[in-house]
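For reference, the structure is listed below as structure tokens.
Numbering (the working numbering), first residue to last: 557 to 723.
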């Protein structure tokens with residue numbers, strides 16, 4: 557008699573949530589890509605580096621939650637060992653928190669992504685999946701969602717679908 561489904565049954569649901577979260581983020585990043593490309597000189601010169609940066613941010617975020625940057629988690633735990641380290645860590649985290657509170661939309665999207673990644677990672681951990689395998693699966697699903705959202709935004713604007721829906 558089991559009251560909860562087996563962890564392996566939950567993995568597709570959490571991966572679907574992760575895909576959907578990154579689909580929304582990919583759409584939003586594609587929406588703001590032209591404005592950011594005009595404002596930043598490096599992006600004006602290399603406009604496709606925007607998506608390379610987006611993919612890199614996605615991979616770094618996922619690697620913090622899985623094996624590749626597992627040492628970073630251990631370092632953060634040790635960062636609170638001494639008073640000096642803890643002081644600078646609290647000052648830094650407070651500065652980041654103030655920035656995120658001022659820009660609430662960034663905080664909300666970031667929390668959505670971190671929650672989706674954590675849920676999927678937790679399901680992989682319950683299923684006793686290896687750390688590197690979890691990193692690869694989560695990275696593939698997140699990048700697929702990110703680029704699918706960007707492609708959907710491009711298709712939506714290229715084929716002028718908002719005009720079709722208005723008539």
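Cβ atoms here follow ideal geometry from the backbone N, Cα and C, with glycine treated the same way.
Note that the structure is predicted; figures quoted are calculated from it, not measured.
query = Mapping DSSP to helix, strand and coil, what is residue 706?
reply = In the chain shown, the residue the question calls residue 706 occupies position 150. In this structure, residue 706 counts as helix in the three-state DSSP scheme.
query = To which residues of the same chain is residue 679 closer than 6 Å at the C-beta, ignoring the five residues directly before and after it?
reply = Position 123 of the chain shown holds residue 679. So the qualifying residues of the chain are 563, 566, 567, 570.
ask   = Which stretch, first to last residue, makes up the alpha helix (DSSP H) that contains residue 523?
value = Absent from the structure is residue 523, since the part of the chain shown begins at 557 and ends at 723.
key: Among 712, 599, 699, nearest to residue 581 - alpha-carbon criterion   = Residue 581 sits at position 25 when you count from the first residue of the chain shown. Taking only the C-alpha atoms, the option nearest residue 581 is 699.
query = So residue 694 and residue 577 are in contact, right, with Cβ under 8 Å, and what is the actual spacing, rounded?
reply = For this step, residue 694 is matched to residue 138 along the chain shown. For this step, residue 577 is matched to residue 21 along the chain shown. About 12 Å separates the two Cβ atoms, so there is no contact after all.
request  = Within the region 577-607, note down every full alpha helix (DSSP H) run reaching 4 residues or more, in order along the chain.
outcome  = 597-601
ask   = Is it the case that the Cβ atoms of residue 619 and residue 703 are separated by a distance below 9 Å?
value = Here residue 619 is taken as the residue at index 63 of the chain shown, counted from 1. Here residue 703 is taken as the residue at index 147 of the chain shown, counted from 1. Contact flag unset, no.
task = In angstroms with no decimal places, state the Cα-to-Cα distance between residue 595 and residue 659.
result = The residue you call residue 595 lines up with position 39 of the chain shown. The residue you call residue 659 lines up with position 103 of the chain shown. For residue 595 and residue 659, the distance between alpha carbons rounds to 18 Å.
inquiry  = Residues in the same chain with beta-carbon distance under 7 Å from residue 708, minus the five sequence neighbours each way, listed in chain order, please.
reply    = Looking up residue 708 in the chain shown gives position 152. Closer than 7 Å at the Cβ level, and outside the excluded window around residue 708, lie 583.
query = Anyone know if the C-beta pair for residue 614 and residue 688 falls short of 9 Å?
reply = Translated into the one-based positions of the chain shown, residue 614 becomes position 58. Translated into the one-based positions of the chain shown, residue 688 becomes position 132. No, they are not a contact pair.
message = Classify residue 606: buried if its beta carbon has 16 or more other beta carbons within 10 angstroms, exposed otherwise.
response = The sequence position of residue 606 within the chain shown is 50, counting from 1. Residue 606 comes out buried.
task = Have a look at 590, 646, 682, 611 and flag the residue whose alpha-carbon is nearest the alpha-carbon of residue 579.
result = The residue you call residue 579 lines up with position 23 of the chain shown. Looking at the Cα atoms, 611 is the closest of the given residues.
query = What did DSSP end up calling residue 677 once you bin it into helix, strand or coil?
reply = Position 121 of the chain shown, counted from the first residue, corresponds to residue 677. DSSP places residue 677 in helix when its eight states are reduced to three.
inquiry  = Short of 7 Å in beta carbon distance, which residues of its chain neighbour residue 600, apart from the five on each side in sequence? Order them along the chain.
reply    = Residue mapping note: residue 600 aligns to position 44 of the chain shown, counting from 1. Here the set comprises 593, 594.
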